[in-house]
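Participant:
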Amino acid sequence: MVGAITGCDILTHPIATIRSFGWIVFFKAVVPWQDRSFLTLLREAGRFRVGGPPMSALLDRCIALELRANRLYTALATVFEDRGLVGEFFLVLAREEQHHADLLELARAAAARGGWKANLFNPWQDYLPRLEQQMEAAEAAVQEIDSLDDALRVVLDIESSEINQVFAAALAASDAAFVKKLKPFRRTIDAHLAYILERLPELSPKLLPACQELRAKLRRLQ
123 MVGAITGCDI LTHPIATIRS FGWIVFFKAV VPWQDRSFLT LLREAGRFRV GGPPMSALLD
183 RCIALELRAN RLYTALATVF EDRGLVGEFF LVLAREEQHH ADLLELARAA AARGGWKANL
243 FNPWQDYLPR LEQQMEAAEA AVQEIDSLDD ALRVVLDIES SEINQVFAAA LAASDAAFVK
303 KLKPFRRTID AHLAYILERL PELSPKLLPA CQELRAKLRR LQ
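So in this note's numbering, spot 79 of the sequence shown is number 201, and the numbers just go up one at a time.
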């Protein structure tokens with residue numbers, strides 16, 4: 123199975139998957155020759171019940187932010203496609219942002235059956251308008267990009283915002299065992315930020331101080 127959730131992830135926590143989405147989805151997900159994503163399987167099975175207007179609307183906005191980041195990084199990958207490792211860096215970021223959006227969609231589907239703890243996300247929802255404005259500014263900046271350093275600073279601006287904390291809070295608010303137990307939900311942000319902090323200084327050594335500042339900020343938030 124392709125996508126943010128693999129067949130191995132499902133097999134590691136079968137009970138959580140079955141409780142959230144049923145036996146049929148589970149069996150389809152672990153078929154060895156399955157080349158569709160778990161998200162596609164859920165859509166085909168009609169598992170996207172609305173978990174309540176407030177929760178659904180908030181997650182829609184979180185998903186939209188991740189998809190906008192995906193499109194932004196895809197655009198940068200196109201700009202730098204002839205720069206080898208640079209283009210690959212942006213492609214990896216774009217793919218990871220798509221995975222983040224997919225994981226939020228899965229969390230929404232699971233929350234419809236497993237519950238949603240609004241009090242865990244409520245403190246973070248006030249960040250959404252500012253994040254949306256920051257994403258709009260980043261999208262405008264990309265239109266004027268004329269150097270690699272400028273492009274990498276856009277990445278730092280996005281990843282230094284609260285977008286990743288809001289993503290984590292949205293997952294934490296889901297009371298479904300599927301979200302709490304499967305590794306991609308628990309580790310994707312740490313892996314995402316570790317990749318960025320490792321690769322950015324390699325692509326532009328002058329950004330090392332900014333990366334160190336971001337690393338320190340993340341440690342304070344832990």
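C-beta: ideal position from N, C-alpha, C; glycine also.
Can you check whether the CB of residue 323 is closer than 8 Å to the CB of residue 329?
Facilitator: yes
Participant: Going straight from the alpha carbon of residue 293 to that of residue 276, what length do you get?
Facilitator: Going by the C-alpha atoms only, they are around 25 Å apart.
Participant: Taking only three categories from DSSP, how would you classify residue 214?
Facilitator: helix
Participant: Cα separation between residue 175 and residue 230?
Facilitator: Low confidence applies to residue 175: its pLDDT is 48, below 50, so where it sits in the model is not reliable, and the reading given next is rough at best. Between residue 175 and residue 230, the C-alpha separation is close to 11 Å.
Participant: Could you pull the start and end residues of the alpha helix (DSSP H) that residue 334 belongs to?
Facilitator: Judged by DSSP secondary structure, residue 334 falls within the alpha helix (DSSP H) whose first and last residues are 330–343.
Participant: Going by DSSP, which residues form a beta bridge with residue 159?
Facilitator: 124
Participant: In the structure shown, what three-state DSSP assignment does residue 178 receive?
Facilitator: helix
Participant: From the DSSP output, in three-state form, read off residue 296 for me.
Facilitator: strand
Participant: Pull the bridge partners of residue 238 from the DSSP assignment, please.
Facilitator: 296
Participant: So the alpha helix (DSSP H) residue 136 belongs to, where does it begin and stop?
Facilitator: 136–143
Participant: By how many angstroms is the C-alpha of residue 133 removed from the C-alpha of residue 154?
Facilitator: 11 Å
Participant: Is the distance from the Cβ of residue 138 to the Cβ of residue 307 below 8 Å?
Facilitator: no
Participant: In whole angstroms, what is the alpha-carbon distance linking residue 213 and residue 264?
Facilitator: Taken atom to atom, the span from the alpha-carbon of residue 213 to that of residue 264 is near 15 Å.
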